[in-house]
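Notes to accompany the following structure.
Residue numbers (mature numbering (1 follows the signal peptide of the UniProt record, and there is no 0)): -21 to -1, 1 to 708.
Shown next, in the form of structure tokens:
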């Protein structure tokens, strides 16, 4: 993610006391806003106002003129930003489940150098534990944080519950989840750790009642009782149970409750730690992924996953970098860390979970390894490992690869096997760092790590996170390796740069070097300056990706498809956004606690459509009439289906006549279109189907369609549309 100043914006308390992070609106009276007013004019100007017919001849007979397509072109990028991990695709339903740390806001403070933590949820110690998302039940029940009874070395903070001497009725505590929680007919796995206080409890037996309830009405959807527990007072006891609701709650305003009979526990004290409430997960994987979000990803047919970041790989200090070895094993042994995006990370979604994610989806792994640079202060003043200490970072990366791929005779391979996966996880791609053009030190860090990793693992393809973006140096990338370029741009940029990758290797003297578009999106509406404003003013930035986003991004991706010898990988970013707490817009998928509110954006459907229609080889096309813009196109052939896929985008506000000629008769033609009422059309919670792929009904004759028996196809390509035509041969 682009290392702008922490763009979290304003902090405010939600209904449940959980800090929300919302984008700050810009001051409409600011002169810069007035001078740089957003509009679609630059996108419109980038589109030629030309309805002249286009005629394309697709070559099928000359197979030597074809190029193999990039099989991994369309993939996923994930880092924990905007609660896309904790509270997002990681299925855990309980917020602040282990009292590990809290939210903060990093910003520029006038009179001080760089960015500092300006506001924090814990005002005494930024990022320290809090009781956010928890509340007591019953009169005078006392709920506090406790550091005297750590549940584990990794989790030094417990929740202390003191019941008054006159307790009666139902008493206990509850968790409100990540701005609510979904309750539906499925099995929920519950676990938590508990410790007694011997002087107060005298080893009395305790009965625990665990339930899911409506937060407004108190209606109980599911309950389970753990009876007559002899709670120990030396070592924590782990309790587990399951909950089985038989109905769907009307909304996500629900709570998880642990309650007691006040008469039984009056005057007693308990310590609790490491709670978990897990619904059924994607592929039923333990400690796995939230079903609806993971299924949306899976349905895109991605080819790879880049993980774990992103800025969140690097840390706000070297000490807080993503230490992969601390994300392994039982949850109670994972300390978590201060995340880069304003909130604490539980590390429940750790290295093993990411690897399992890729295995469950059957996709390649792009492992990003820490490269010795952290974002202490954004920009080139971030903290870098000195050159004479880079051996430490190299060894971390080598150990990580051994964990992923080493056989069970190795130390880390044996550790992986002990965690339940004896077979290795093959790694195809390794990215060294993230956006290291912000650093002044990648010029020594890249060759040091690349040479060390390449020697140990020569079959992996390595990705440089910088090339020519830094004015002080260029990175030399060896042939056969990859440059990761990121583009958060205005729509007109993508249209104007459709041909950017044509002859790129020759033009830049990068023979044999390939390209990954590791992060991209149409981030703001076009402005006269064309400068992206990363302070996220609401009048400039796109919230939900719009039709104009899908069209512009699609044009750029067609340019990549046309150059498969160079362009190998692409992933939209960020991929996920919690609508209650977000750092960044736009995002490919937006969600909250209610799965029915999950929004698949126009950009999602653009990538879905392109990924679903990937041929094995590109086909030569001659435009005998007309030229690129406002129509953009590419053709591939699926050798297994014996079908030609012609992708055509019309960026104009008018239809354009298209004629397609093939040297042989086609047996059938089907089409799929992505369009909307206007450029501003977008999907949102209460209208999730404004911009979605729809079949083109050629049988009933859409406007301009003319059937043919000799390999010719004629059709008026609709205004503002992204289309895939499938010709069965």
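In this text, a Cβ means the ideal position worked out from N, Cα and C, and glycines have one as well.
Residue 270 (DSSP reduced to helix, strand or coil): It is helical.
Residue 134 beta carbon less than 8 Å from that of residue 79: Going by C-beta atoms, residue 79 is nearer than 8 Å to residue 134.
Where the alpha helix (DSSP H) containing residue 339 begins and where it ends: It spans 330 to 340 - the alpha helix (DSSP H) in which residue 339 sits, taken as one unbroken run.
Contact the segment 691 to 704 vs the segment 622 to 632: 3+ CB pairs below 8 Å: Contact annotation: the segment 691 to 704 touches the segment 622 to 632, with at least three C-beta pairs closer than 8 Å.
Classification of residue 655 by the beta-carbon crowding that lies within 10 angstroms, buried from 16 upward: Under this definition residue 655 is a buried residue.
Cβ-based neighbour list, residue 51, same chain, cut-off 7 Å, excluding 5 preceding and 5 following: Same-chain partners within the cutoff: 282, 283, 343, 547 and 548.
With 16 other Cβ atoms within 10 Å as the buried cut-off, status of residue 166: Under this definition residue 166 is an exposed residue.
At least 3 beta-carbon pairs within less than 8 Å: the segment 169 to 183 vs the segment 226 to 234: Look at the beta carbons and you see the segment 169 to 183 not touching the segment 226 to 234: under three pairs across the two are nearer than 8 Å.
Own chain partners of residue 690 with C-beta closer than 7 Å, once the 5 adjacent residues on each side are dropped: Counting only Cβ-Cβ distances below 7 Å, and skipping sequence neighbours, we find 640, 641, 642, 643, 644 and 645.
Rounded distance between the beta-carbons of residue 418 and residue 455, thought under 8 Å: About 16 Å separates the beta carbons of residue 455 and residue 418, which is beyond the 8 Å limit, so they are not a contact pair.
Neighbourhood of residue 595 by C-beta distance below 8 Å, restricted to the same chain and skipping five residues each side: Same-chain partners within the cutoff: 47, 48, 615, 616, 617, 618 and 619.
Within-8 Å CB hit, residue 280 to chain C: Among the chains of the structure shown, chain C does not appear; only one protein chain is present.
Residue 262 Cβ short of 7 Å to the ligand MG heavy atom set: Inclusion of the ligand MG in the displayed structure is not the case, the ligand content being empty and no account of it being possible.
Helix, strand or coil at residue 313 according to DSSP, with G and I counted as helix: Assigned with DSSP and collapsed to three states, residue 313 falls in coil, not helix or strand.
Reference residue 239; option with closest CA among 116, 216, 126 and 158: Looking only at 116, 216, 126 and 158, the smallest Cα-Cα distance to residue 239 is reached by 116.
Inter-stretch contact (C-beta, 8 Å, three-pair minimum) for the segment 520 to 530 and the segment 579 to 597: Taking 8 Å as the limit for Cβ pairs, the verdict is that the segment 579 to 597 does touch the segment 520 to 530.
Residue 52, DSSP secondary structure in three states: Residue 52: coil per DSSP, three-state reduction.
CA-to-CA distance, residue 430 to residue 422, given in whole angstroms: About 13 Å.
Within 8 Å, strictly: CB atoms of residue 653 and residue 635: No, these two residues do not count as a Cβ contact at 8 Å.
Exposure label - residue 515; buried when at least 16 CB within 10 Å: With 16 or more other Cβ atoms within 10 Å, it is buried.
Spatial distance of residue 610 from residue 693 (CA atoms): In a straight line, the C-alpha of residue 610 is about 14 Å away from that of residue 693.
Boundaries (first-last residue) of the alpha helix (DSSP H) holding residue 241: Unbroken alpha helix (DSSP H) run through residue 241: 241 to 244.
Nonlocal neighbours in the same chain, by C-beta distance under 8 Å from residue 480, ignoring five residues either side: Around residue 480: 494, 538, 539, 541, 542, 545 and 546.
Rounded straight-line distance, which links the Cα of residue 81 to that of residue -1: At residue -1 the pLDDT is 39, less than 50, meaning the model places this residue with poor confidence and gives no usable figure here.
Neighbourhood of residue 7 by C-beta distance below 6 Å, restricted to the same chain and skipping five residues each side: Any reading at residue 7 must be qualified, since the residue scores a pLDDT of 28, below 50, and its modelled position is unreliable; no value is offered.
Reduced DSSP secondary structure (H/G/I, E/B, other) of residue 718: With the chain represented from -21 up to 708, any question about residue 718 goes unanswered, as that position is not in the structure.
The segment 256 to 264 / the segment 309 to 318 touching (three or more Cβ pairs under 8 Å): At 8 Å Cβ cutoff, the stretches do not touch.
Residue span of the beta strand (DSSP E) that contains residue 646, given as start and end: Segment: none, residue 646 is in no beta strand (DSSP E) and carries neither H nor E.
Backbone secondary structure at residue 217 - three-state DSSP: Under the three-state reduction of DSSP, residue 217 is assigned to strand.
Local Cβ density within 10 Å of residue 435, reported as buried at 16 or more and exposed below that: Answer is exposed; the Cβ neighbour count stays below 16.
The segment 25 to 44 / the segment 596 to 609 touching (three or more Cβ pairs under 8 Å): Between the segment 25 to 44 and the segment 596 to 609, the count of C-beta pairs closer than 8 Å reaches three or more; the two stretches touch.
The segment 56 to 66 / the segment 551 to 558 touching (three or more Cβ pairs under 8 Å): In short, these stretches touch, since the Cβ pair count reaches three.
Cβ-based neighbour list, residue 190, same chain, cut-off 6 Å, excluding 5 preceding and 5 following: Non-local C-beta neighbours of residue 190 in its own chain, meaning closer than 6 Å and more than five positions away in sequence, comprise 199, 202 and 236, ordered along the chain.
Of the listed residues 374, 386, 395 and 428, nearest to residue 410 (C-alpha basis): Checking every option, the nearest Cα to that of residue 410 belongs to 428.
Local conformation of residue 696 per DSSP, three classes: Strand, per DSSP.
Residue 308 versus residue 243 - alpha carbon distance: Approximately 36 Å, taken between the alpha carbons.
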